[in-house]
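Take the position in the sequence shown, starting the count at 1, then add 1318; the result is the number in our numbering.
Backbone N, C-alpha and C define an ideal beta-carbon position, used for all residues, glycine too.
Because the structure is a prediction, the values reported are computed rather than measured.
Step one of this worksheet: look at the structure below.
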Amino acid sequence: ECVENPAKYEYAKDSCARTVRWLKRCKAEMDRLNSLPDTINKNQLLFGINQGCTFGDLRVENMKEIAELDLDGYAIGGLAVGEPKEDMYRIISAVEPYMPSEKIRYLMGVGTPVNILEGVHRGVDLFDCVMPSRNARHGHLFTWNGIININNSCFEKDTRPIDESCGCPVCSRHSR
């Protein structure tokens, strides 16, 4: 359960317990289905999702509990929903030591370049967010010099690379 943020401590604590109960039921059902001979995809992954709002103690205890379930990966959920970015980074740093290092570590709903770099710095492997595709639909490109909007008329006949200081395949092959 991804609760509103901020939430009352007791509600967040109860929500963590509810989420773990659901996860244990999901794991049991997935194990049962995978034991059947006609299961179509026995390679589906099951991730535990860490919850606890911005309460560090709840987050750590929740991660310890779900890490015991030996899942395919572990996600940090319920962040990037309006709290200050410093709180998000604090929570990632708090739970990371309890995330199994040999499993995928996933930060849900995060996609800004800075947040991705901060997440990777703190041990996160995987991200997802609608922001990159939404920005792309509106012509926003992230460059080392900031965001440019290629829909602006000043770029219509601009043959320079998207980012002149970048040598990636996109910037090397496409103009503004």
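Alpha-carbon to alpha-carbon, Gly1395 and Lys1331:
In the sequence shown, the residue the question calls residue 1331 occupies position 13. In the sequence shown, the residue the question calls residue 1395 occupies position 77. In a straight line, the C-alpha of Lys1331 is about 15 Å away from that of Gly1395.
Straight-line Cα distance separating Ile1468 from Phe1460:
Taking the first residue of the sequence shown as 1, we reach residue 1460 at position 142. Taking the first residue of the sequence shown as 1, we reach residue 1468 at position 150. Near 11 Å, if we compare the C-alpha coordinates of Ile1468 and Phe1460.
For Glu1474, which option in Phe1365, Gly1457 and Met1417 has the closest C-alpha, if you only look at C-alpha atoms?
Taking the sequence shown and counting its residues from 1, the one referred to as residue 1474 is at position 156. If we check each option's Cα against that of Glu1474, Gly1457 comes out closest.
The alpha helix (DSSP H) with His1439 in it runs from where to where?
The count along the sequence shown starts at 1 and reaches residue 1439 at position 121. Taken as a continuous stretch (DSSP letters only), the alpha helix (DSSP H) holding His1439 covers Pro1431 to His1439.
Please determine if the segment 1391 to 1407 and the segment 1345 to 1353 are in contact, where contact requires at least 3 C-beta pairs separated by less than 8 Å.
The answer is no - the segment 1345 to 1353 does not touch the segment 1391 to 1407, with fewer than three Cβ pairs under 8 Å.
Ala1325 - containing beta strand (DSSP E), residue span
Translated into positions along the sequence shown, residue 1325 becomes position 7. For Ala1325, there is no enclosing beta strand (DSSP E), as DSSP marks it with neither H nor E.
3 or more residues per run - each beta strand (DSSP E) lying fully within the segment 1381 to 1421:
List check, beta strand (DSSP E) in window: 1391 to 1394.
Bridge partners for Arg1423 per DSSP, in chain order?
Sequence index remark: in the sequence shown, residue 1423 carries index 105 (1-based). According to DSSP, Arg1423 bridges with Tyr1392.
Given a threshold of 16 other Cβ atoms within 10 Å of its Cβ, counted over all protein chains shown, does Cys1472 qualify as buried or as exposed?
Taking the first residue of the sequence shown as position 1, residue 1472 is located at position 154. By the neighbour-count rule (16 or more Cβ atoms within 10 Å), Cys1472 is not buried but exposed.
Assess, as a yes-or-no matter, whether the segment 1370 to 1379 is touched by the segment 1418 to 1435 under the definition of 3 or more beta carbon pairs within less than 8 Å.
Output reads no: the segment 1370 to 1379 does not touch the segment 1418 to 1435.
Does the distance from the C-beta atom of Met1381 to that of Val1413 stay below 7 Å?
Within the sequence shown, residue 1381 is the residue found at index 63, counting from 1. Within the sequence shown, residue 1413 is the residue found at index 95, counting from 1. Cβ distance < 7 Å, so Met1381 and Val1413 count as in contact.
Does the beta-carbon of Leu1363 have 16 or more other beta-carbons within 10 angstroms, so that it is buried, or is it exposed?
Here the question's residue 1363 lines up with position 45 in the sequence shown. Taking a 10 Å sphere around the C-beta of Leu1363, we find fewer than 16 other C-beta atoms and assign the residue as exposed.
6 Å Cβ shell around Leu1444 - same chain, five flanking residues per side excluded
For the purposes of this step, residue 1444 is taken as the residue at position 126 of the sequence shown. For Leu1444, same chain residues with a beta-carbon under 6 Å away, outside a window of 5 residues either side, are Ile1422 and Tyr1424 in chain order.
CB of Glu1420 to nearest heavy atom of the ligand MN: below 6 Å?
Ligands are entirely absent from the displayed structure, and the ligand MN is therefore not among its contents.
Burial state of Ile1384, where buried means 16 or more other Cβ atoms lie within 10 Å:
Locating residue 1384 in the sequence shown gives position 66, counting from the first residue. With 16 or more Cβ atoms within 10 Å of its Cβ, Ile1384 is classed as buried.
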